[in-house]
Amino acid sequence: MAAARPAAPVRRVAPLRRALRELGLVAALFLAYKVARVAVAGRVSTALANGESIWRAERLLHLPNEAAVQHPVLSHDVLAHLANGYYAYVHFPATALCLLWLYVRHPAHYLWTRRMLAGLTGAALVLHLLVPLAPPRLTALTGMVDTGRRYGPAVYGPPDTDALSNQYAAMPSLHVGWALAVAVALVAVSRGRRRWLWLAHPLATLLVVVTTGNHYWLDGLVAAVLLAVVYLVVPMPGAVRPSRHLPAQRPGGRPRRDVPATQALPTGVDAPRVLPSR
């Protein structure tokens, strides 16, 4: 009995270690983002030129004009405040709450979602370094307004003095990518037709980031493509396959549904043999 006592402290330490590991992952991603913010310094002209190129490419692709989508919002202060508030206050809390809920209720899907977010964020940081891109609100050619600075609440300060964020990393949109990853995870663990309503979150996020002048349509599309690639690399948790060593009956004598009927026969009873036809 005495030899089994040290197991209890180990069980208490294990969750703490897992939590510290998760915090370490978040810290590493944040550090990588800060490195990307420093690396983009001095490439503002390239980011602005890339913004104009994206704007022209979208017109060639006949995508909806972002300025036309923003225009109705500029006439209603309430809509502008709601869009800015969604952009500022929903992105991180929604992702954190989803991860926390999955961690408690669906550990396997939590690990899968965490890996998807990490893979998506890592790929996005690489693209941010390779292709600095000014958002529509900073690209004069678009004629779009920075709704955050005009109506509030504002997330970013002046680009030249903002040391906390990389405002020239519009592509891909991590707002859209994270929202889509959250929706996919919640759809995967939910049941019923209403589970598809979770997709309203990334759709609303896409509309918000465009309306506020923070992203182009292509920024959200590229984020979705990157997430699809990560999805192919990180397999989704599947149903647990029954082992050959599992008992064929559940407690109480009821046959298991996840094993063939021939395995659910009582012990000592042979499966019926099929005689060959003559």
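In full-length UniProt numbering, the protein residues as written are 1 to 278.
Every residue gets a Cβ at the ideal spot worked out from N, C-alpha and C, and that includes glycine.
Remember, predicted model here, so these are calculated numbers, not experimental data.
For residue j and residue i, the rounded distance between their alpha carbons
i: residue 279; j: Pro153; result: Residue 279 lies beyond the range of the chain shown here (1 to 278); nothing can be said about it.
i: Leu99; j: Ser173; result: 20 Å
i: Val234; j: Leu130; result: 24 Å
i: Val126; j: Thr46; result: 16 Å
i: Ala82; j: Leu25; result: Looking at the sequence provided, one finds Leu at residue 82 rather than Ala. Approximately 32 Å, taken between the alpha carbons.
i: Pro202; j: Thr113; result: 15 Å
i: Leu199; j: Gly148; result: 25 Å
i: Gly238; j: Ala57; result: 40 Å
i: Pro93; j: Leu23; result: 16 Å
i: Gly157; j: Ala80; result: 18 Å
i: Ala124; j: Leu60; result: 25 Å
i: Leu232; j: Leu221; result: 17 Å
i: Arg17; j: Arg195; result: 33 Å
i: residue 290; j: Pro72; result: In this structure the chain extends from 1 to 278, so residue 290 is not present and cannot be described.
i: Leu236; j: Ala27; result: According to the sequence shown, residue 236 is Met rather than Leu. For Met236 and Ala27, the distance between alpha carbons rounds to 25 Å.
i: Arg21; j: Leu31; result: 15 Å
i: Ser165; j: Arg191; result: 38 Å
i: Leu97; j: Leu74; result: 31 Å
beta-carbon residue i near the ligand ZN non-hydrogen atom, thresh 6 Å
i: Glu66; result: Summarising the ligand content, the structure contains no ligands, and the ligand ZN is consequently not present.
Nearest residue (CA-CA) to residue i, options the options
i: Val210; options: Tyr89, Val225, His175, Tyr168; result: His175
i: Thr212; options: Arg21, Gln70, Thr46, Pro64; result: Gln70
i: Ala223; options: Leu206, Gly238, Pro237; result: Leu206
i: Leu133; options: Gly177, Arg56, Leu82, Glu52; result: Glu52
i: Asp219; options: Arg195, Ala200, Val189, Tyr168; result: Tyr168
i: residue 287; options: Val44, Arg17, Ala28, Ala19; result: In the structure as shown, the chain begins at 1 and stops at 278. Residue 287 is therefore absent and cannot be evaluated.
i: residue 354; options: Ala204, His62, Leu221; result: Any question about residue 354 goes unanswered here, given that the chain covers just 1 to 278.
i: His76; options: Arg150, Gly122, His106, Val104; result: Arg150
i: Val104; options: Ala19, Met236, Arg191; result: Ala19
Cut-off 7 Å between Cβ atoms - residues of its own chain near residue i, not counting five sequence neighbours on either side
i: Leu197; result: none
i: Thr139; result: Leu48, Gly51, Glu52, Trp55
i: Asp146; result: Arg137, Gly213
i: Val274; result: Note that Val274 scores 45 on pLDDT, short of 50, meaning its location in the model is unreliable; the coordinates nonetheless yield the value given after this. Excluding positions up to five away in sequence, the list is empty.
i: Gly119; result: Val230, Val233, Val234
i: Ala108; result: Pro237
6 Å CB neighbourhood of residue i in its chain, flanking five on each side removed
i: Asn214; result: Pro135
i: Tyr87; result: Val208, Thr212
i: His62; result: none
i: Arg193; result: none
i: Val184; result: none
Anticipated Cβ contact below 8 Å, residue i with residue j, distance rounded
i: Met171; j: Glu66; result: Not quite, the Cβ-Cβ distance comes to about 14 Å (not below 8 Å), so this is no contact.
i: Val182; j: Thr95; result: 6 Å
i: Leu180; j: Leu227; result: 6 Å
i: Tyr89; j: Leu102; result: With a Cβ gap of about 21 Å, Tyr89 and Leu102 do not count as contacting.
i: Trp178; j: Pro64; result: Not quite, the Cβ-Cβ distance comes to about 23 Å (not below 8 Å), so this is no contact.
i: Met116; j: Val229; result: In fact, because the Cβ distance is near 10 Å, the residues do not count as touching under 8 Å.
i: Val189; j: His106; result: 5 Å
Residues near residue i by beta carbon distance below 8 Å, same chain, minus five either side
i: Thr142; result: Gly51, Trp55, Glu66, Ala67, Pro136, Gly213
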